[in-house]
Amino acid sequence: MSAEKFATLLTEGIYKIRIAESKNIQTIQDELGYALDKKGGASIEYWRKGHIPSRFSDIENLARQIGKRAQVERSWLEEFLQSAGHPAPEKVCDELFLPTPPIETRPFHSTILAPKDNLADVEKALFVAREEELAQLDSFLQGVLEKQQGRVVFVTGVAGSGKTALVEEFAWRAAQRHPNLVVAGGNCNSDTGGGDPYLPFREILALLTNDLETRWGTTAVVRHHAPRLRRLLPSVVQALVYEGPNLIDTFIPSRVMIERVKKAGQPVAELEALAARQMPPPSREFLREQATNVLRAIARHGPLLLVLDDLHWADSGSISLLFHLAKRLMDTQVLIIGLYRPTDLVPGPAGERHALEGVANELQRDFGSIRIDLRQRADRRFVDAIVDMEPNRLNSQFREALHRHTQGHALFTVEILDHLKQRGYLIQDTKTGEWLEGPTLAWEMLPAQVEGVIQERLGRLPANLQETLKVASVDGERFVAEVVAQVRRVDDVTMVRTLSGSLDKQHRLVEAEASRRLQPSGQRLSHYGFRHNLFQHYLYQSLDTVEQLLYHEQVGTALEQLCADQIEAVVVQLAHHFQKAEFTPKAITYLSRAGQQALQLSAYEEASTHFEKALALLMTLPETPERVQQELTLRIRLGATLIALRGYAAPEVERTYARAHELCQHAYAAESPEVVKVLVGLWVYYFVRGPLTQALALGEQLLSLAQSVQDPLVSVHAHRAMGNTLMVQGEFTSAQEHLEQGIAQYTAQRQGPDEALLYGHDPGITSMSYSALALWYLGYPDQALKRSQVVLALVDKLENPFNQAFAHSFAAVLHYFRREYPVAQAQAEMVLEISDKGGFAQWREFGKLLQGWALIQHRGQGANELQQMRQALSDWQATGATLARPFFMRLLGEAYCIVDQIESGLEIVTEALSIANSSGEHWATAELYRLQGALWLRQNKADSEVEASFEQALMIARRQQAKSLELRAVLNLSLLWLGQGQKKQAQQMLAEIYNQFTEGFDTADLKEAKALLEDMAGLV
């Protein structure tokens, strides 16, 4: 036993977790502490100082946590346990490293099934004659299992071709053959479509956390093998806690999940702690990464088969996540099967192809054959198989005629056979039970398309059943019995009996899926689904316009009343129904709430669509104070959404906030919080795009407002706006005064999730980051560094990726100013890592510019790095942003100077000075003139011109009171004068500025100045 060795290995294990999970050390220590029932990370910190835990259980739990989270080797874990004096390290390691025994299948407990009562009631879909396609799917699965090569495949075909039946049959057989395979699936929605973000993946996560009341939760394969899901639950919860905490209350509601986990007898303390957090919504890319990591973690416990049905209706976020999973699950035991109808991949409004089409094509290029297309069969094997499902004496001529009539279409074949029997065209031998061709069969009299058969079949129903189904079709392909009952004005029990009896067991048109109670009201919701979406589609289209309007309103009202306890779960559906009903006030309300939900999921495209639809409807109403207030709220939300979608400098951002500002003039008093939100949104736009004079004017308005309302948060925003704007204008002293005032009133607790939704970043983080640069300019490089370090510690604590990218970007700039090039490069690469994960294009370009410059500085050459910098600058400008262009061009000019491309360097400096003079952005102007002089010197230009450029840099630096810039200009002038024999003048000027510094004497500029002064003192 060695306390020192234990402490070393524990620290090493924590860092291994950090590498695996990209989390900060304090967060990991806190998580380890909570996992051991300790109060945070204090105990972990104590043990890292050389104190071995007194209980073997703590040592074992630590080993398990590090082993699972960092995926360390067995030998390392044994050494860790031995260093702590554990008596049986081999036994602990066996638990982690020996193969998990197969999960046994056993009868599913009847109380879990609802509304089904036993396994006999769990019905498998009709399935015949697809052995070839089954074999293809099986070969994909075998590749995943044997080679640990996860993949995505697609099953395609027209409506009714049997896609879902094929995949359900395959999943059933695969689960029977592989005892530890877990099957889960999710569906997209035809009514809400792209407006319901991540729906299929949310359903999959719900199923993996034991919610069997989803569409896939009612399938035979999931019901029969539900014990596997129950046994997997602890691992799923652990994966969510450690790998996907931001998925809780975004992808999956915490309250209902915690109830299910409690019911399963599992601990919920960590889940409750996560649910209690108040965090700004993560970016779409961050959610995507966490969803991927959760599935990877779950797959370590056994293979996963995930099914995504009706992908032609998927939202953009789901398609993006699917593509990401295809790339990131290649080394796992995960097979994802996507089902879609190519004919329903509708182009976008500008004629662009459907996103799924592009994803499927790219995956096919990368991975080869990944599609199984259920085309209508050219041969009649499929028809024979369906005919032979019952005893018959139907000859070859009948089968050929049936195949010609249906062209092998699965649903059409099944329905036409049923039609022939119902009409007496096929008759049954009363003795043998065999079906025979009747004497009156005339093929030319039969419906030519599947819709015709459906019409005939539904037309035979009694009128009351037809009306029930029509109401159900308005609710959707999957509907709620109690909603239909309320619209039809019958009691719930009667409706359930009608659906489960006549319409399910007798007519085979619908099927029961699940039943659940809402809390706290106890309201039961009984979920049913049409056996095929073509039934629902035909019924809905049979309604005239007036009927559709009426039924949508009634269905929406019923759903609203029944789901009052959990209204947020159905806001997208309610928005759909009230839009279709032309019930404008309610449609606006629920579109707005749907947009808010999408924002919480960082589904900005979907949020923008909801808000814009709500605004379009709002404009049809008479102008009233209430309408103006609603429009203002929607404009503010839309503005934040557009910033995330298009960038700060997008013209539509300005238009949205400008209209909101106009509304503020008569909608609210000048001190309203809405005014603050609008002014901040407009300020951000003009700050990034220009003109800076307009940004400064908005900052002054905010400052005036802050003085009126005496609200610290408004004051923080106001001083941030003033300080940031003045800083980039080169007014460093005034900027620092404003920033210090804002920082003094800032506390991280005041920045809640709603603030982040509206502004995208923390005003305190931005104020301190700009303040660090202002301090450096003013001649306080050590104070600047300390402030930057405070910012980095704070963003680690807040754990918001956007703020982290921002803070590390400014830290990289500060280290660049301090000429600490390796640190600047490391910070730039951190920016790139965070931006790639979070999808922050703006900061990615920032990081690329700084990284490229640092690499050139280090190597003295770099054609690739120069191209990287040029491309990053071009991409930055393409967003419409004018902010920081002179600074970035200065970086590029310095890079040209390093690689001796003097002409290119001078061209970029000349352009940068022109931009700075026209925009008023002068924080890099002095350095641009200094760089111009240095380039001219390399070009052997006349000393007088070089000196004039250095003098211009010095004059600007002094006017800006920027001592750090003044020192640099003086250094260049001193060296020039020294070469001209003007030693005394050079020495006097350099000593004067050097003696003004009170700190930073270990920085490169001051060390260089000191060395030059000493050299000049030694010259005779």
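With the first letter of the sequence shown counted as 1, position 90 gets the number 90 in this note's numbering; the numbers rise by one all the way through.
Cβ coordinates follow ideal geometry from the N, Cα and C atoms, glycine included.
#1: Should Thr209 be labelled buried (16 or more other beta-carbon atoms within 10 Å of its own) or exposed?
#2: Looking at C-alpha atoms only, which residue of Leu990, Lys5, Leu32, Val946 is the closest neighbour of Glu966?
#3: Where does Val152 fall in DSSP's three states?
#4: For the alpha helix (DSSP H) containing Tyr994, name the first residue and the last one.
#5: According to DSSP, which residues form a beta bridge with His527?
#6: Is it right to say Glu146 is buried, meaning 16 or more other beta carbons lie within 10 angstroms of its own, or is it exposed?
#7: Would Arg593 and Val570 be called neighbours here (beta carbons separated by less than 8 Å)?
#8: Can you tell which of Arg787, Arg968, His761 has the C-alpha that lies nearest to the C-alpha of Ala744?
#9: Is the Cβ-Cβ distance between Val261 and Val294 less than 8 Å?
#10: At the level of alpha carbons, what is the spacing between Glu833 and Gln290?
#11: Mark Tyr46 as exposed unless 16 or more other C-beta atoms lie within 10 angstroms of its C-beta, in which case mark it buried.
#12: At a cut of 8 Å, does the segment 971 to 982 reach the segment 789 to 797 through at least three beta carbon pairs?
#13: I need the DSSP call for Asp309, collapsed to helix, strand or coil.
#14: Rounding to the nearest angstrom, what Cα-Cα distance links Val1021 and Glu78 in this structure?
#15: Let me know if Glu927 comes out buried or exposed under the rule of 16 or more other beta-carbons within 10 Å of its beta-carbon.
#16: Out of Gly647, Glu362, Ile14, point me to the one whose CA is closest to Asn845's CA.
#17: If we ignore side chains and look at the alpha-carbon of each, how far apart do His225 and Val307 end up?
#18: Could you tell me whether the segment 130 to 150 touches the segment 264 to 279, where touching means 3 or more Cβ pairs closer than 8 Å?
#19: In this structure, how does DSSP classify Ile112 when only helix, strand and coil are distinguished?
#20: Would you call the CB atoms of Leu311 and Leu247 closer than 8 Å?
#21: Is it buried or exposed for Pro89, if we count other Cβ within 10 angstroms and need 16 for buried?
#22: Quick one: measure Cβ to Cβ for Gly160 and His409, integer angstroms, because I've assumed they're closer than 8 Å.
#23: Counting pairs of beta carbons, one from the segment 608 to 626 and one from the segment 327 to 337, are three or more of them closer than 8 Å?
#24: Answer with buried or exposed for Asn187, where buried requires no fewer than 16 other C-beta atoms within 10 angstroms of its C-beta.
#25: Mapping DSSP to helix, strand and coil, what is Trp172?
#26: Cα-Cα, which of Gln65, Glu947, Asp1002 is closest to Gln982?
#27: Would you say the segment 812 to 832 touches the segment 846 to 860, given that touching needs at least three Cβ pairs under 8 Å?
#28: From the DSSP output, which residues share a beta bridge with Gly424?
#29: What's the C-alpha gap between Glu700 and His661?
#30: Note down the Cα distance separating Ser54 from Glu259, rounded to an integer number of angstroms.
#31: Distance, Cα to Cα, Leu137 vs Ile567?
#32: Of the residues His922, Ala863, Gln939, which one's Cα is nearest the Cα of Ile956?
#33: Counting Cβ pairs, one atom from each stretch, are 3 or more of them under 8 Å apart for the segment 896 to 905 and the segment 931 to 948?
#34: Nearest CA to the CA of Val414: which residue from Ile427, Thr430, Gln428, Asp388?
#35: To which residues does DSSP link Ala184 through a beta bridge?
#36: Helix, strand or coil, according to DSSP, for Asn189 in the structure here?
Inspection of the coordinates gives the following:
#1: Residue mapping note: residue 209 aligns to position 209 of the sequence shown, counting from 1. Burial call: buried.
#2: Residue mapping note: residue 966 aligns to position 966 of the sequence shown, counting from 1. Of the listed residues, the one whose Cα sits closest to Glu966 is Leu990.
#3: Walking along the sequence shown from the start, residue 152 turns up at place 152. Here Val152 sits in strand by DSSP.
#4: One-based indexing of the sequence shown puts residue 994 at position 994. Its alpha helix (DSSP H) spans residues 983 to 994.
#5: Position 527 of the sequence shown, counted from the start, is the residue given in the question as residue 527. Note: His527 sits in a beta bridge opposite Val480, Ala514.
#6: Residue numbering aside, residue 146 sits at position 146 when the sequence shown is read from its first letter. Label assigned to Glu146: exposed.
#7: Position 593 of the sequence shown, counting from 1, holds the residue named residue 593. Position 570 of the sequence shown, counting from 1, holds the residue named residue 570. Cβ distance not < 8 Å, so Arg593 and Val570 don't count as in contact.
#8: Indexing the sequence shown from 1 puts residue 744 at position 744. Minimum Cα distance to Ala744 is reached at Arg787.
#9: Taking the sequence shown and counting its residues from 1, the one referred to as residue 261 is at position 261. Taking the sequence shown and counting its residues from 1, the one referred to as residue 294 is at position 294. Contact flag unset, no.
#10: By one-based count along the sequence shown, residue 833 stands at place 833. By one-based count along the sequence shown, residue 290 stands at place 290. C-alpha separation (whole angstroms): 15 Å.
#11: The residue given as residue 46 occupies position 46 in the sequence shown. Exposed is the call here.
#12: no
#13: For the purposes of this step, residue 309 is identified with residue 309 of the sequence shown, where counting begins at 1. Asp309 falls in the strand class under three-state DSSP.
#14: Given that the chain is displayed from residue 1 to residue 1020, the structure contains no residue 1021 and the question cannot be resolved.
#15: Position 927 of the sequence shown, counted from the first residue, corresponds to residue 927. Buried is the call here.
#16: For the purposes of this step, residue 845 is taken as the residue at position 845 of the sequence shown. Note that residue 845 is Glu in the sequence shown, not Asn. The shortest C-alpha separation from Glu845 is found at Gly647.
#17: Your numbering for residue 225 matches position 225 in the sequence shown. Your numbering for residue 307 matches position 307 in the sequence shown. Going from the Cα of His225 to the Cα of Val307 covers about 16 Å.
#18: no
#19: On the sequence shown, position 112 is the one that residue 112 refers to. In this predicted model, Ile112 has a pLDDT of only 23, less than 50, meaning its place in the structure is not dependable enough to derive any value.
#20: Taking the first residue of the sequence shown as position 1, residue 311 is located at position 311. Taking the first residue of the sequence shown as position 1, residue 247 is located at position 247. Not closer than 8 Å, so no.
#21: In the sequence shown, the residue the question calls residue 89 occupies position 89. Its Cβ being crowded by 16 or more others within 10 Å, Pro89 is buried.
#22: In the sequence shown, the residue the question calls residue 160 occupies position 160. In the sequence shown, the residue the question calls residue 409 occupies position 409. Right, their Cβ atoms sit about 6 Å apart.
#23: no
#24: For this step, residue 187 is matched to residue 187 along the sequence shown. By the neighbour-count rule (16 or more Cβ atoms within 10 Å), Asn187 is buried.
#25: Position 172 of the sequence shown, counting from 1, holds the residue named residue 172. Trp172 falls in the helix class under three-state DSSP.
#26: The residue labelled residue 982 in the question sits at position 982 within the sequence shown. Nearest option by C-alpha distance: Glu947.
#27: yes
#28: The count along the sequence shown starts at 1 and reaches residue 424 at position 424. Answer by DSSP bridge pairing: none, since Gly424 is not bridged.
#29: Residue mapping note: residue 700 aligns to position 700 of the sequence shown, counting from 1. Residue mapping note: residue 661 aligns to position 661 of the sequence shown, counting from 1. Spanning the two alpha carbons is a distance of roughly 15 Å.
#30: Position 54 of the sequence shown holds residue 54. Position 259 of the sequence shown holds residue 259. So the two alpha carbons sit approximately 35 Å from each other.
#31: Position 137 of the sequence shown, counted from the start, is the residue given in the question as residue 137. Position 567 of the sequence shown, counted from the start, is the residue given in the question as residue 567. In a straight line, the C-alpha of Leu137 is about 40 Å away from that of Ile567.
#32: One-based indexing of the sequence shown puts residue 956 at position 956. Nearest C-alpha to Ile956: His922.
#33: yes
#34: The residue you call residue 414 lines up with position 414 of the sequence shown. Here the closest residue by C-alpha is Asp388.
#35: Position 184 of the sequence shown, counting from 1, holds the residue named residue 184. Ala184 is bridged to Leu306.
#36: Numbered from its first residue, the sequence shown carries residue 189 at position 189. Coil.
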